[in-house]
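Visitor:
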Amino acid sequence: MVMNESVNDIYFDASLNCLTTDVIIDYLFEVRQSTLVDEHFLRMLCTIGSWAMWNRLKRSHSISVKWKNNTTFFQLTNETDRLLRGILTYLNRHFRENPMSSTQVAVFTWTQSIMDVIPFVPFFVKTGYPEAALEWLSIEPNEPMISIRSWRESLDFVHNLARHESGVKALNQLGAISILKTWKGRYLSESTLSNDENYEDLRVVYYMSYALLLEPTLLKREHPMDLQLALDDILDRAVQAFQSTSLHYGPYHVSEFWTALARFTVNDECLLYMLTRENMFEFSMQKFLEYNKLLLLGVNSESSGLDTLMCSLLYTIFWSISFQTNYHVKLKANTEFVGFIQQTAKMNSSDKYVASIRQSANGILFNLDLVQQSFISSKPDIDDHIDGVKIMISYSHKDTTFCRQLVNTLKDQVQGDLWVDFIKLEPPYEDDWEEIAEAISNCNVVAMIVTADYCSSKSCRREVIHADKRNKPMIPIYQGPEYQPDDWFEIRAGSATWVRFGSKNSDEEVMQTLVKLINSHKKAKKSSDAATVSQKPYLESNHTVPPIMILPQTIDVLSPLSPDAVQLLHHPTSNLTTSSPVSTPRKPIEQWTSEEVHQWLCLPPSILQFSSGRALLAYTRLISDEDAERDEYERSLKQRGLTREQWANLISSLKTLCMLHIMETASSKTLPEQWSSNEVKCWFEQNNLSNYLLDTFAFVDGMELVIYAKMMTTSLLRIDSEYDRLRNRIQARYNGQDLLQLDEYVRLVRALKKIVEQSQL
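Going by the numbering used here, the letters in the sequence shown line up with residues -15 to 745, in that order.
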């Protein structure tokens, strides 16, 4: 039933006017005795309204997937509020009926068609739909059988609600992710999926809903396996949607899958997992280039709207990729990619999605060191007359309430000038990067309100990187006793002196400490040697440290285990000095303090400094491949005075440290059969067993090692015969070389016997 646009709107308005009459509302709330006529009339009105909405969406699909538009044909008034609440009452009354009646199907379809328009989602949040959808999904299995259609409708409610931030907030306050997982465990097992194709649609909408609900705080807590399963499923659908001529998979437009994927890419581990999928980087790059061409062409208003939305999602994802240094060479080598980035970085438009593209493009250029940062050379300081500290506040706009409270308290106590965007700039702030960068360059200290939203914000990450590159002192401000920042933040600012609100100390005490920390930073001296001083407070036992720098609430008290200190070659022309090895307490590496890390590194803090062993391990992981190692040296450490010989020794020591950490983890697992392949490798090294033995055995995990040990050590006869068998096997593998000597075989047997003693198999 395809109708003329004006006629279509008349049908929708007429059906809505009838639905909001007292007769229908009373029937929905069951305040009077109903008749069959009421049921038929309700079905007819909902069907007309649904078809009118279907025609509207077919004519302009972008209104259902874009966050902001001029859709005003449905507004929340007293009449529509009563209607939405009445419909929810009706659906609650009939949800457990199986099969679903034709009227119930019509009512669900009408409701979903309205909720499918993202700007209308808050209307449903206000009228109780999040609570109802989760209540339906919480139904116990021992209750009457619920139809697949009913499950699909309730999951669709959750998915549509989760496309708007108000819906995400409401659902997560009700524990939506936990409820979804419980529902999946009851009704959506892998065996069910393999036996019934009807459940396939349920899996798609389940993972889409799960992804959209993953706020940064929740994303950090999720089990990696849950995240990987969701990523795998959504990636499959995203690719399949692109391969469809309609750019749909089922009822979902391709942009909806990429919106879900963009949620994951704020987390580095999820992003890297996504990029390890075969040809995923190349596929994403291909689509990025295609949509940039479509964006610049803008064929017609409808396709242009969807192209702009899709393009903004791809820009968001590639901005995340540009934070990964091991992808810099690939990105910069693609001249077409760089050309589009430079072009879109200059686009001017009031369109929200174009503004997002422009912001992402500038962020990518900044990360790839392709932006002309004339403003970073530091303009003459217009506030040079200020007698006191100049502080810049960096925060996520999702933490605006806390930031305003903090600023209101600080501005009367800080001796100097306080720079924060809502005081110094005019909204919106997305296009004010030059002013923000200049504020960072000219300030004496940067205070950062570090939350999950802050660490997931690419704009905030850019600010931290800029402050770090400009050698600016940083004061991280945490909230709550348990929050720990992401690894990337630990690397950039982990050794800075921090404060934490909501800890064992009162907020008043923490505020006093923060004020003292800020006021302790004098104006940066303009002497030539000032630039060589580390920007981060560092504790050394042979230096006098101001008391404010070592207040208990500002120090992360951790404590280490110690491999030997790094032996760095002394370069005769270098102005760096190295320390002799320092013995440190034998504690787990993750518990090392900043000072103990420094003792192990034997490097001046102006070259490398970390807040803890955890930050050191995070740094080791970030430079775990050759491209990242080369990039880190050429772009950072070389300029700080580290020679290539010192860098080579440092890399070697960090790899040893990583292996030691793996063994620490393994030793915490009392059962060898629980070891991973890396822990098995460490076991070979720890027992001084050669690599050719490790390669010959090729144990996948500790379980295989334990089974072999038990089989091999059962009798002396077996031990003797295994020597000849293993020797011949190694000779065959290594072109006749007789590598296995008796003394090494004895070490192997002794180590295997210990494994058997430790095992509980």
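Built from N, CA and C at the ideal position, the CB exists for glycine as well.
May I ask you to verify whether the segment 30 to 41 touches the segment -5 to 2, counting CB pairs closer than 8 Å and requiring at least 3?
Guide: The segment 30 to 41, when compared against the segment -5 to 2, does touch it at the 8 Å Cβ threshold.
Visitor: Buried or exposed: which applies to Glu709, given that a residue is buried once 16 or more other Cβ atoms fall within 10 Å of its Cβ?
Guide: On the sequence shown, residue 709 is found 725 positions in, with the first residue counted as 1. The sequence shown places Arg at residue 709, rather than the Glu named in the question. Answer is exposed; the Cβ neighbour count stays below 16.
Visitor: Just confirm the distance between the C-beta atoms of Phe241 and Ala222, as a whole number of angstroms; I'd bet it's less than 8 Å.
Guide: Working through the sequence shown from its first residue, we reach residue 241 at position 257. Working through the sequence shown from its first residue, we reach residue 222 at position 238. With a Cβ gap of about 4 Å, Phe241 and Ala222 count as contacting.
Visitor: What residue range is occupied by the uninterrupted beta strand (DSSP E) comprising Gln463?
Guide: The residue labelled residue 463 in the question sits at position 479 within the sequence shown. 458 to 463 is the extent of the beta strand (DSSP E) around Gln463.
Visitor: Return yes when the Cβ of Val434 is within less than 9 Å of the Cβ of Ile461, no when it is not.
Guide: Your numbering for residue 461 matches position 477 in the sequence shown. Your numbering for residue 434 matches position 450 in the sequence shown. In this structure, Val434 lies closer than 9 Å to Ile461 by Cβ.
Visitor: Classify His505 as buried or exposed, calling it buried when 16 or more other Cβ atoms lie within 10 Å of its own Cβ.
Guide: For the purposes of this step, residue 505 is identified with residue 521 of the sequence shown, where counting begins at 1. It is buried - the Cβ of His505 has at least 16 other Cβ atoms within 10 Å.
Visitor: Can you find the residues in the same chain that come closer than 7 Å, C-beta to C-beta, to Lys106, ignoring five residues on each side of it along the sequence?
Guide: Position 122 of the sequence shown holds residue 106. Residue identity check: residue 106 is Pro in the sequence provided, not Lys. The answer, listed in chain order, is His148, Ser150.
Visitor: Assign Ser564 to one of two classes, buried (16 or more other C-beta atoms within 10 Å of its C-beta) or exposed (fewer than that).
Guide: As a working mapping, residue 564 is identified with position 580 in the sequence shown. Note on Ser564: pLDDT 41, under 50, position unreliable in the model; the coordinate value appears next. Exposed, by the Cβ-count rule.
Visitor: Going by the beta-carbon positions, is the gap between Trp417 and Asn346 smaller than 9 Å?
Guide: Reading the sequence shown from its first residue, position 433 is the one you call residue 417. Reading the sequence shown from its first residue, position 362 is the one you call residue 346. Yes.
Visitor: Quick one: using the 10 Å Cβ neighbour count with 16 as the cut-off for buried, is Thr385 buried or exposed?
Guide: Here residue 385 is taken as the residue at index 401 of the sequence shown, counted from 1. The residue in question, Thr385, is exposed, as its Cβ has fewer than 16 Cβ neighbours within 10 Å.
Visitor: For Pro200, count neighbouring Cβ atoms within 10 angstroms of its own Cβ and tell me buried if that reaches 16, exposed if not.
Guide: What you label residue 200 is simply residue 216 of the sequence shown in a count that begins at 1. With 16 or more other Cβ atoms within 10 Å, it is buried.
Visitor: Measuring only the C-alpha atoms, how far is Ser193 from His143?
Guide: Counted from its first residue, the sequence shown places residue 193 at position 209. Counted from its first residue, the sequence shown places residue 143 at position 159. Their Cα atoms are separated by approximately 5 Å.
Visitor: Determine contact between the segment 674 to 687 and the segment 700 to 708, defined as no fewer than three beta-carbon pairs at a distance below 8 Å.
Guide: Cβ pair count under 8 Å is below three, so no.
Visitor: Kindly list the residues whose CB is nearer than 8 Å to the CB of Arg136, restricted to its own chain and excluding five residues on each side of it in sequence; keep chain order.
Guide: Within the sequence shown, numbered from 1, the residue matching residue 136 stands at position 152. Excluding sequence neighbours, Arg136 sits near Asp185, Leu186, Val189.
Visitor: Measure from the alpha carbon of Leu280 to the alpha carbon of each residue in Phe265, Ser296, Phe267, then state which is nearest.
Guide: Indexing the sequence shown from 1 puts residue 280 at position 296. That would be Ser296, whose Cα lies nearest to the Cα of Leu280.
Visitor: Quick one: residues in its chain with C-beta nearer than 6 Å to the C-beta of His78, no 5 flanking neighbours on either side, listed in chain order?
Guide: Position 94 of the sequence shown, counted from the start, is the residue given in the question as residue 78. So the list reads Gln88, once near-sequence residues are dropped.
Visitor: At which residue ranges does the segment 680 to 728 contain complete alpha helix (DSSP H) runs of 4 or more residues, listed in the order of the chain?
Guide: Within the segment 680 to 728, the complete alpha helix (DSSP H) runs of at least 4 residues are 686 to 696, 700 to 717.
Visitor: Please give the ranges of any alpha helix (DSSP H) in the segment 588 to 648, keeping only runs that are unbroken, at least 4 residues long and fully inside the region.
Guide: Listed in chain order, they are 597 to 606, 610 to 616.
Visitor: So the candidates are Ser122, Arg66, Ser131; which of them puts its Cα closest to the Cα of Gly159?
Guide: For the purposes of this step, residue 159 is identified with residue 175 of the sequence shown, where counting begins at 1. When each option's Cα is compared against that of Gly159, the closest is Ser122.
Visitor: If you compare alpha carbons, which of Ile301, Gln593, Lys694, Phe141 is closest to Phe108?
Guide: Along the sequence shown, one-based indexing puts residue 108 at 124. Checked all of Ile301, Gln593, Lys694, Phe141; the closest Cα to Phe108 is Phe141.
Visitor: Looking at the unbroken alpha helix (DSSP H) that takes in Leu202, where does it start and where does it end?
Guide: Position 218 of the sequence shown, counted from the first residue, corresponds to residue 202. Element bounds for Leu202: 200 to 205.
Visitor: Rank Cys642, Gln468, Asn719, Glu688 by C-alpha distance to the C-alpha of Ser595 and give the top, closest one.
Guide: Here residue 595 refers to the residue found at position 611 of the sequence shown. Looking at the Cα atoms, Gln468 is the closest of the given residues.
Visitor: Could you tell me the alpha carbon to alpha carbon distance between Ser674 and Gly720, rounded to whole angstroms?
Guide: As a position in the sequence shown, residue 674 is number 690, starting the count at 1. As a position in the sequence shown, residue 720 is number 736, starting the count at 1. The alpha-carbon atoms of Ser674 and Gly720 are separated by roughly 17 Å.
Visitor: Going straight from the alpha carbon of Phe751 to that of Ser661, what length do you get?
Guide: What is shown of the chain runs -15 to 745, which leaves residue 751 out entirely.
Visitor: Residue range of the alpha helix (DSSP H) that Lys109 falls in?
Guide: Residue 109 sits at position 125 when you count from the first residue of the sequence shown. First, the amino acid is wrong: residue 109 is Val here, not Lys. Where Val109 is concerned, the enclosing alpha helix (DSSP H) stretches over 105 to 110.
Visitor: Which one or two residues does DSSP pair with Val21 in a beta bridge?
Guide: Here residue 21 corresponds to residue number 37 of the sequence shown, with the count starting at 1. DSSP output for Val21 lists no bridge partner at all.
Visitor: Could you name each continuous beta strand (DSSP E) segment of 3 residues or more that falls completely within the segment 191 to 268, going from the start of the chain to the end?
Guide: If we require 3 residues or more, the segment 191 to 268 turns out to have no beta strand (DSSP E) run fully inside it.
Visitor: What residues in its chain sit with their C-beta under 6 Å from that of Ser487, if we drop five residues either side in the sequence?
Guide: One-based indexing of the sequence shown puts residue 487 at position 503. Closer than 6 Å at Cβ, skipping near neighbours: Pro465.
Visitor: Tell me which residues share the same chain as Ser620 and place their Cβ nearer than 8 Å to its Cβ, disregarding the 5 neighbours each side in the sequence.
Guide: Here residue 620 refers to the residue found at position 636 of the sequence shown. Excluding positions up to five away in sequence, the list is empty.
Visitor: Compute the beta-carbon to beta-carbon distance between Val373 and Asn503, rounded to the nearest angstrom, for a pair I have assumed lies under 8 Å.
Guide: In the sequence shown, counting from the first residue as 1, residue 373 sits at position 389. In the sequence shown, counting from the first residue as 1, residue 503 sits at position 519. Contact flag correct, Cβ pair sits at about 6 Å.
Visitor: For the segment -12 to 39, list the alpha helix (DSSP H) runs that are entirely contained and at least 4 residues long, ordered along the chain.
Guide: Listed in chain order, they are -11 to 3, 6 to 13.
Visitor: Tell me the rounded alpha-carbon separation between Glu728 and Asp685.
Guide: In the sequence shown, the residue the question calls residue 728 occupies position 744. In the sequence shown, the residue the question calls residue 685 occupies position 701. One C-alpha to the other measures close to 22 Å.
Visitor: Expressed to the nearest angstrom, what Euclidean distance is found between the alpha-carbon atoms of Arg40 and Thr243?
Guide: What you label residue 40 is simply residue 56 of the sequence shown in a count that begins at 1. What you label residue 243 is simply residue 259 of the sequence shown in a count that begins at 1. Roughly 23 Å separates the two Cα atoms.
Visitor: Could you give the residue range of the beta strand (DSSP E) that holds Val429?
Guide: Numbered from 1 along the sequence shown, position 445 holds the residue referred to as residue 429. Val429 -> beta strand (DSSP E) spans 429 to 433.
Visitor: When DSSP labels each residue in this structure, what does Lys80 get in the three-state scheme?
Guide: Taking the first residue of the sequence shown as position 1, residue 80 is located at position 96. The sequence shown places Arg at residue 80, rather than the Lys named in the question. Here Arg80 sits in coil by DSSP.
Visitor: Pick helix, strand or coil for Val787, following the three-state DSSP scheme.
Guide: This structure cannot settle anything about residue 787, because the visible part of the chain is limited to -15 through 745.
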